[in-house]
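Under our numbering, the letters of the sequence shown match residues 33 to 159, in that order. Every residue gets a Cβ at the ideal spot worked out from N, C-alpha and C, and that includes glycine. Note sheet for the following structure.
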Amino acid sequence: MVVVFLPYFVWVKLHPATDALPDYRRLALYAAVSLTWGLILGLGHWRLRSLAPEEAKLPLDERDRAIHHRARSIAYGVLLTGMILVGCIMPFTDTGWEIVNAAVFMIVLAEAVHDASVVTQYRRQSS
């Protein structure tokens, strides 16, 4: 996610939107970034499954479910806080693409928090 979305957010910050919504060029850029992320994610899943096909077929055990549940709970708190900021506060101070990009940023941040939380919890339990 960082490889794809960090350059997008840097570009968005350095080039503020000048056109009114809908700005199809900016929307096309976001679509390209999202499709690239999906492609990288799909290739990563395919690669992991090809390296360990038997492990990929195993169902999640109780520990795995607990780790993912805790990570989802933490990420949900981040997402909820971000959406309250974007939906309840920003409409009074910002417009258009600032709100859209803030919402996308909070979604990406929540996903990053989820992934980091999963990795951290697996590392704690393995040591």
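Other residues of its chain near residue i: CB distance less than 7 Å, five sequence neighbours each side excluded
i	result
MET138	LEU111, GLY114, MET115, VAL118
VAL140	MET33, PHE37
ALA49	ASP55, ARG58, GLY128, TRP129
GLY109	none
Of the listed residues the options, nearest to residue i (C-alpha basis)
i	options	result
VAL42	THR152, ALA134, VAL151	ALA134
ARG155	THR125, ARG95, VAL136	ARG95
Extent of the continuous alpha helix (DSSP H) run through residue i
i	result
THR50	THR50 -> no alpha helix (DSSP H), and no H or E assigned at all.
ILE121	Note, ILE121: premise wrong, no alpha helix (DSSP H); not H, not E.
SER66	56-83
LEU90	Looking at the DSSP string, LEU90 is not in any alpha helix (DSSP H), and its letter there is neither H nor E.
Residues near residue i in its chain [Cβ-Cβ closer than 8 Å; skip 5 each side]
i	result
LEU71	none
GLN153	ILE99, ARG102, ALA103
Beta-carbon separation (whole angstroms), residue i vs residue j, contact threshold 8 Å
i	j	result
ALA107	ALA142	5 Å
Would the stretch 53-73 count as touching the stretch 109-126 if we require 3 or more Cβ pairs under 8 Å? Using a C-beta cut-off of 8 Å, the stretch 53-73 makes no contact with the stretch 109-126, since fewer than three inter-stretch Cβ pairs fall below that distance.
Using 8 Å as the threshold, is the stretch 145-155 in touch with the stretch 101-109, meaning 3 or more CB pairs across them? yes
Inter-stretch contact (C-beta, 8 Å, three-pair minimum) for the stretch 75-90 and the stretch 125-139: no
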